[in-house]
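The opening position of the sequence shown corresponds to residue 1 in full-length UniProt numbering, with each subsequent residue numbered one higher.
Glycine included, C-beta positions come from ideal geometry on N, C-alpha and C.
Working notes for the structure below.
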Amino acid sequence: MPAIHKLSAASLARRIRDGTVSPVTAVDALLNRIESRNEQTNAFITITDSLARDAAKEAERAVENGARLGPLHGVPVAVKDLNDVAGIRTTFGSELFSDYTAESDDLFVSRLKDAGAIVVGKTNTPEFGLGCTTDNRVVGPTSTPFALEKVSGGSSGGAGAALADHLVPLAQGSDTGGSIRTPAAFCGVYGFKPSFGRVPRANRPNAFADHTPYSHLGPLARTVEDAALMLDVMAGPHPKDPFSLPVDGTSYLDAVNQPIDDLRIAYSPDLGIYPIDPAVRDVIDEAVPVFERAGATVDRVDPDLGCTQDELLDAYYTFIKVHWESLFDDLEEVHGFDPRGADRERLYADTVEIILESDTVTTREYTQADVTRTRVYDGLIDLFGSYDILLTPTTAVPPFDHGDHPTTIQGTEIEPLRGWLLTQPFNLSGHPVASIPAGQTDTGLPIGLQIAGHRHADDDVLAASAAFERKRPWQESYPALRD
């Protein structure tokens, strides 16, 4: 049998159910691996050693007693440190919350636990998730295991690194502008942002915050099957989420085995508005024909999103400022912090900038942002009128050195914090979209390919992803397997 850390979540779950592997053995093996390797990537903020081992013992007793077992029974998972797990600290990547302990589970965490999953730790994230790379004052930066001097992406950078370094088989992420897909691309793993509302949230006091822009919860994994397995557990309506989607009878695990012969696929190397590094373009161009070999029809297209990249980013930043304003109000009203005054020095400069700018957004600016958003949405639905799937690069650049955000691509100046992402259009529109490992540059850095589908056609995205994986598996590409 392969070592525990080399097993997929689906394989590990099967072995636990048939008694080949015990939950205690699985959890012990991965906790020991986390303890010995976490220092090199900084994937985890918190390791839940004793709680996880206790849960593993309970899971083992359930197996021994012949109890009914959930689909993730005994499988170790990681939760992003923006989300609550009862009895474990949630830092939000901020020094302000370095000692804050959650009293209850977030909704999706409860579902994972009900399915038998065991939380072994909280993964690193930038402060309040406000970054496309992962660094904070709590534990510092997270690196991609492919090159420790380079960023893992963000804001689910700890999740991506933990998977690529084989510390866990499953990790949860959140995505408001690419925060699942960017780490997936930079760490060579699979990340899936479902349709908006597919995975419910129970946000309070503001249940309506997540539509500006669309913010999503979703799985990251090393295989498409594992991501589908996790999504089956996380998805489904909940009365506390006004945007949650009804059950449509889809099994995402079954979708992995769907043929793609009837899928019409469009490929845009730049979405018409993004400069692309040649190292990325070369990998993506070489990967796209794989879908034809899997049976699909692929056409090169030039979509019209109705705006420039600068206009899209302006709209996105307007929504981000509005989205986070309620968070900053909570810092004051709920937690007693003063982010605009006495506690300002304890926050990252980028966080402070958004706090101050969130106070200045006008109704006119917000309305104009919605107009831009509508143009982007219309451009995408026009394209999806002729195609089932849209392929694009996930990022315009390969992973870069810590503290060295790109400022130009092919001589074109870009906004350094987010101007190298092709991810935000799908947060403005709510379409399901994944990032899949497309290959590596000549220097061995991973490159991600986005696979987007019709709104609510999450199964098509998973089917296309799995078809690519079958033709060109990537599971043997991880540096961790050479250690």
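Would you mind working out which of the options sits nearest residue i, comparing C-alpha positions?
i, options, result
"Gly197", "Ala221, Ala227 and Phe243", "Phe243"
"Gly178", "Thr395, Gly403 and Ala464", "Thr395"
"Ala209", "His323, Asn136, Arg137 and Gly295", "His323"
"Leu107", "Phe328, Leu347, His238 and Leu263", "His238"
"Val461", "Ala228, Asp329 and Asp442", "Ala228"
"Ile284", "Gln440, Phe400, Ala235 and Asp404", "Gln440"
"Gly249", "Asp314, His456, Gly116 and Glu413", "His456"
"Pro269", "Leu245, Leu253 and Arg300", "Arg300"
"Thr134", "Val371, Phe92, Phe97 and Arg482", "Phe92"
"Leu220", "His211, Gly236, Gly188 and Tyr214", "Gly188"
"Ile354", "Asp378, Ala342 and Asp329", "Asp329"
"Lys240", "Gly272, Arg204 and Ser251", "Arg204"
"Thr20", "Asp49, Val63 and Leu417", "Val63"
"Ala369", "Ile16, Thr142 and Tyr317", "Tyr317"
"Asp84", "Ala102, Leu69 and Gly70", "Ala102"
"Gln475", "Asp404, Arg222, Gly341 and Glu415", "Arg222"
"Asp404", "Pro141, Tyr366 and Gly70", "Pro141"
"Asp261", "Asp54, Ala349, Asp388 and Arg53", "Asp388"
Residue i to residue j, Cα distance in whole Å?
i, j, result
"Asp105", "Ala202", "11 Å"
"Val109", "Val79", "8 Å"
"Gln410", "Val120", "43 Å"
"Arg373", "Asp304", "13 Å"
"Leu30", "Thr308", "46 Å"
"Leu112", "Leu72", "8 Å"
"Asp114", "Gln172", "15 Å"
"Gly129", "Leu7", "29 Å"
"Ser465", "Pro398", "21 Å"
"Asp18", "Phe146", "34 Å"
"Gly60", "Val24", "The sequence given here places Glu at residue 60; Gly does not occur at that position. Whole-angstrom Cα-Cα distance: 7 Å."
"Thr428", "Arg181", "It is Leu, not Thr, that sits at residue 428 in the sequence shown. Taking the straight line joining both Cα atoms gives about 15 Å."
"Asn32", "Ser386", "50 Å"
"Asp302", "Pro275", "14 Å"
"Leu263", "Asp232", "23 Å"
"Met230", "Leu253", "9 Å"
"Asp458", "Ser152", "26 Å"
"Ala315", "Val361", "11 Å"
"His211", "Thr125", "21 Å"
"Leu347", "Leu96", "8 Å"
"Pro479", "Arg472", "18 Å"
"Asp49", "Glu39", "16 Å"
If we call anything under 8 Å between Cβ atoms a contact, is residue i one with residue j?
i, j, result
"residue 484", "Leu445", "As shown, the chain starts at 1 and ends at 483. That puts residue 484 outside it, with no answer to give."
"Ala9", "Pro169", "yes"
"Ile451", "Val280", "no"
"Pro425", "Gly453", "no"
"Cys132", "Leu422", "no"
"Thr90", "Asp81", "yes"
"Phe192", "Ala467", "no"
"Val256", "Glu225", "yes"
"Ala161", "Thr46", "no"
"Asp3", "Pro76", "Checking the sequence shown, residue 3 turns out to be Ala, not Asp. No."
"Leu390", "Val288", "no"
"Pro259", "Gly218", "no"
"Gly74", "Ile118", "yes"
"Ser94", "Asn136", "yes"
"Thr123", "Phe186", "no"
"Ala159", "Thr144", "no"
"Arg37", "Leu148", "no"
"Leu449", "Ser435", "yes"
Name the DSSP bridge partner or partners of residue i?
i, result
"Thr25", "Looking at the DSSP assignment, Thr25 forms no beta bridge with any residue, so it has no partner."
"Gln450", "Thr392 and Ser435"
"Thr150", "Residue identity check: residue 150 is Lys in the sequence provided, not Thr. Note: Lys150 sits in a beta bridge opposite Asp401."
"Thr133", "According to DSSP, which records beta bridges pairwise, Thr133 is partnered with nothing at all."
"Ala266", "Asp299 and Leu390"
"Ile118", "Pro76"
"His211", "Tyr214"
"Gln172", "Pro219"
"Phe468", "DSSP lists no partner for Phe468."
"Thr367", "Beta-bridge pairing links Thr367 to no other residue."
Given a threshold of 16 other Cβ atoms within 10 Å of its Cβ, counted over all protein chains shown, does residue i qualify as buried or as exposed?
i, result
"Ile381", "exposed"
"Thr363", "exposed"
"Val334", "exposed"
"Pro278", "exposed"
"Met1", "exposed"
"Gly87", "exposed"
"Arg14", "exposed"
"Asp401", "exposed"
"Glu469", "buried"
"Asn206", "exposed"
"Pro246", "exposed"
"Val139", "buried"
"Val371", "exposed"
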